[in-house]
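Q:
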Amino acid sequence: MKRTGAITVDTDTLTILANAYNLRTEKDNNTTYSKIIPRFLDRFKEYDIRATFFIIGKYAKMRRNHAIIRRIITEGHEIANHTMNHPPNFSGLPDEQKEKEITDMQKIIKEISGYDVRGFRAPEWDIDRKAMDMLEQSGYLYDSSVFPTWFRYAMKIAVIVMSRGRRMEFSAGEARFIFSPAGPYYPAPHNIASDDKKAVRNIIELPVTVSPWLRLPFFGTSIMAFGSGYFRMIYPFVRASKNPLIYELHTVELFDEKHDPAEQAVFKTGHPVLKAPFAERLRIFRKSMESFLDDYNLVTMRELALKYNKAGSGF
Numbered sequence: 003m004k005r006t007g008a009i010t011v012d013t014d015t016l017t018i019l020a021n022a023y024n025l026r027t028e029k030d031n032n033t034t035y036s037k038i039i040p041r042f043l044d045r046f047k048e049y050d051i052r053a054t055f056f057i058i059g060k061y062a063k064m065r066r067n068h069a070i071i072r073r074i075i076t077e078g079h080e081i082a083n084h085t086m087n088h089p090p091n092f093s094g095l096p097d098e099q100k101e102k103e104i105t106d107m108q109k110i111i112k113e114i115s116g117y118d119v120r121g122f123r124a125p126e127w128d129i130d131r132k133a134m135d136m137l138e139q140s141g142y143l144y145d146s147s148v149f150p151t152w153f154r155y156a157m158k159i160a161v162i163v164m165s166r167g168r169r170m171e172f173s174a175g176e177a178r179f180i181f182s183p184a185g186p187y188y189p190a191p192h193n194i195a196s197d198d199k200k201a202v203r204n205i206i207e208l209p210v211t212v213s214p215w216l217r218l219p220f221f222g223t224s225i226m227a228f229g230s231g232y233f234r235m236i237y238p239f240v241r242a243s244k245n246p247l248i249y250e251l252h253t254v255e256l257f258d259e260k261h262d263p264a265e266q267a268v269f270k271t272g273h274p275v276l277k278a279p280f281a282e283r284l285r286i287f288r289k290s291m292e293s294f295l296d297d298y299n300l301v302t303m304r305e306l307a308l309k310y311n312k313a314g315s316g317f
């Protein structure tokens, strides 16, 4: 019997990617919305997959992007909240600014499309208790900001090295999430990294998938960076796990370096995904989607949250 899984896409733009490595771009050429997101939509239509797109509000707000936002919804995908501006060190923001990042994004989507956003993922998986409280009070069904792997530190260190030490934000709460549950759980009221067996909260945490035991990362960036051999090594263990699949992709993974407009700053990042040519990344994407379709019933994150809620079979 197939288990349930979800495919998610974080829509960080190429400008955000360059800025993460402390490289500045003169302007945002909108490649992510004009080229890459449509490419994802075309591939998902080909495979009859309904995915969840974590959208950044300031890009959705641009009139030129309204059509693609509506297309995402029309084709049966979910739109979820990835903040208004994708600020670094989200958990360290003042509470007022944190709340504004959450609420402004959902208002924009509502104004554009009438769509009610009910899911959230913090930039760089950087969530804290105050933000979780805000999400719950706003009626969110789920958060998906917990990435329970030690490997996130290795990724942070890689960014520091590639940005020549100029970007060194680490949120205070990151370490505790290494040991968080690897499957859906209700965050404890005073420690969101731990499972509240009493399920006091009404918001569920849907962590990004990691491998059992060693907790190796299993998301698009790691697969694209380490190649199909890494996928073949890790996937059997992921598939054998009782947890639902929550597979995180980033839009850069389907960036076509030969045909998509991009400033040179993007190529200077040394981002591991960009070491492989687009044709190879597309091949890996296709192979992974075909494997997931063989083994999982793929749904949106909203549907997954409803399945694993207090009344569902997950608890």
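Residues in the sequence shown are numbered consecutively from 3, following the numbering used here.
Each residue gets a CB set at the ideal place from its N, CA and C atoms; glycine is no exception.
1) For F220, which of helix, strand or coil comes out of DSSP?
2) Buried or exposed: L216, going by 16 or more other Cβ atoms within 10 Å of its Cβ?
3) CB E80 to CB G121, shorter than 8 Å?
4) What residues in its chain sit with their C-beta under 8 Å from that of E292, if we drop five residues either side in the sequence?
5) Opposite H252 in the DSSP bridges: which residues?
6) Let me make sure I understand the geometry here. Which of A184, A124 and P96 has the alpha-carbon closest to that of M86?
7) Assign F122 to one of three DSSP states: helix, strand, or coil.
8) Rounding to the nearest angstrom, what Cα-Cα distance links E250 and K100 in this structure?
9) Quick test of your reading: V254 and H273, contact by CB under 8 Å. State the CB separation rounded to the nearest angstrom.
10) Give a yes or no on whether the C-beta atoms belonging to E103 and V148 are separated by under 8 Å.
11) Can you find a heavy atom of the ligand ZN that lies under 7 Å from the Cβ of K100?
12) Got a sec? Which residues, its chain only, sit under 6 Å from K29 by beta carbon, not counting five neighbours each side?
13) Excluding the 5 residues flanking I39 on each side, which residues of the same chain have their C-beta closer than 7 Å to its C-beta?
14) What did DSSP end up calling T34 once you bin it into helix, strand or coil?
15) Who are Y144's beta bridge partners in DSSP?
16) Please go through the stretch 43-101 and give each complete alpha helix (DSSP H) segment of 4 or more residues, from N-terminal end onward.
17) If you reduce the DSSP assignment to three classes, tell me which class N299 lands in.
18) So the candidates are K260, D296 and R283; which of them puts its Cα closest to the Cα of T33?
19) Within 10 Å of its beta-carbon, does V202 have 16 or more other beta-carbons around it, so buried, or fewer, so exposed?
20) Can you tell which of T10, I9, L25 and K4 has its C-alpha closest to the C-alpha of Q266?
21) Are the beta-carbon atoms of F221 and I236 separated by less than 8 Å?
22) According to DSSP, is G7 helix, strand or coil?
23) Rounded to whole angstroms, how far is the Cβ of K289 from the Cβ of S243, which I believe are closer than 8 Å?
24) Can you tell me where the alpha helix (DSSP H) holding L137 begins and where it ends?
25) Taking all protein chains shown into account, do 16 or more other C-beta atoms lie within 10 angstroms of the C-beta of Q139, making it buried, or fewer, making it exposed?
26) Does the Cβ-Cβ distance between T10 and I248 come in under 8 Å?
27) Excluding the 5 residues preceding and the 5 following R178 in the sequence, name in chain order all residues of the same chain whose CB lies nearer than 7 Å to its CB.
28) Nearest-angstrom Cα distance between K277 and T105?
29) Roughly how many angstroms lie between the CA atoms of I111 and I51, to the nearest whole one?
30) Do you know offhand how far N204's Cα is from S115's?
A: Taking the coordinates as given:
1) For the purposes of this step, residue 220 is identified with residue 218 of the sequence shown, where counting begins at 1. Of the three classes helix, strand and coil, the one that applies to F220 here is coil, per DSSP.
2) The residue you call residue 216 lines up with position 214 of the sequence shown. Counting every other CB atom within 10 Å of its CB across the protein chains shown gives L216 a total below 16, marking it as exposed.
3) Locating residue 80 in the sequence shown gives position 78, where the first residue counts as 1. Locating residue 121 in the sequence shown gives position 119, where the first residue counts as 1. Yes, Cβ-Cβ distance for E80 and G121 is below 8 Å.
4) One-based indexing of the sequence shown puts residue 292 at position 290. Here the set comprises Y49.
5) To locate residue 252, count along the sequence shown from 1; it is residue 250. According to DSSP, H252 bridges with D12.
6) Position 84 of the sequence shown, counting from 1, holds the residue named residue 86. If we check each option's Cα against that of M86, A124 comes out closest.
7) Walking along the sequence shown from the start, residue 122 turns up at place 120. The DSSP-derived three-state label of F122 is strand.
8) Numbered from 1 along the sequence shown, position 248 holds the residue referred to as residue 250. Numbered from 1 along the sequence shown, position 98 holds the residue referred to as residue 100. Straight-line Cα distance between these residues: approximately 23 Å.
9) In the sequence shown, the residue the question calls residue 254 occupies position 252. In the sequence shown, the residue the question calls residue 273 occupies position 271. Contact holds; Cβ gap of about 7 Å.
10) In the sequence shown, residue 103 corresponds to position 101, counting from 1. In the sequence shown, residue 148 corresponds to position 146, counting from 1. In terms of Cβ geometry, E103 and V148 do not form a close pair [threshold 8 Å].
11) As for the ligand ZN, it is missing from this structure, which has no ligand bound.
12) Here residue 29 refers to the residue found at position 27 of the sequence shown. Hits under 6 Å: none found.
13) Along the sequence shown, one-based indexing puts residue 39 at 37. These residues qualify, in order along the chain: T13, I70 and T253.
14) To locate residue 34, count along the sequence shown from 1; it is residue 32. Of the three classes helix, strand and coil, the one that applies to T34 here is helix, per DSSP.
15) Here residue 144 refers to the residue found at position 142 when the sequence shown is read from its first residue. BP columns for Y144 point to G121 and I206.
16) With a minimum length of 4 residues, the continuous alpha helix (DSSP H) runs that stay inside the stretch 43-101 are 59-62 and 68-76.
17) To locate residue 299, count along the sequence shown from 1; it is residue 297. Looking at N299 - three-state DSSP - the assignment turns out to be strand.
18) Your numbering for residue 33 matches position 31 in the sequence shown. Comparing Cα positions, the closest option is K260.
19) Along the sequence shown, one-based indexing puts residue 202 at 200. Under this definition V202 is an exposed residue.
20) To locate residue 266, count along the sequence shown from 1; it is residue 264. For the residues T10, I9, L25 and K4, the minimum Cα distance to Q266 belongs to L25.
21) In the sequence shown, residue 221 corresponds to position 219, counting from 1. In the sequence shown, residue 236 corresponds to position 234, counting from 1. Not in contact: F221 and I236 (Cβ atoms no closer than 8 Å).
22) Translated into positions along the sequence shown, residue 7 becomes position 5. Three-state result, G7: strand.
23) Against the sequence shown, residue 289 aligns to sequence position 287. Against the sequence shown, residue 243 aligns to sequence position 241. Not confirmed; about 20 Å, so no contact.
24) On the sequence shown, position 135 is the one that residue 137 refers to. Looking at the DSSP string, the run of the alpha helix (DSSP H) that includes L137 is R131 to Q139.
25) Start at 1 with the first residue of the sequence shown, and residue 139 comes out as number 137. Classification for Q139: exposed.
26) Start at 1 with the first residue of the sequence shown, and residue 10 comes out as number 8. Start at 1 with the first residue of the sequence shown, and residue 248 comes out as number 246. In this structure, I248 lies closer than 8 Å to T10 by Cβ.
27) Taking the first residue of the sequence shown as 1, we reach residue 178 at position 176. Result list for R178: A195, in chain order.
28) Locating residue 277 in the sequence shown gives position 275, where the first residue counts as 1. Locating residue 105 in the sequence shown gives position 103, where the first residue counts as 1. Roughly 36 Å separates the two Cα atoms.
29) Here residue 111 refers to the residue found at position 109 of the sequence shown. Here residue 51 refers to the residue found at position 49 of the sequence shown. Going by the C-alpha atoms only, they are around 22 Å apart.
30) The residue given as residue 204 occupies position 202 in the sequence shown. The residue given as residue 115 occupies position 113 in the sequence shown. C-alpha separation (whole angstroms): 26 Å.
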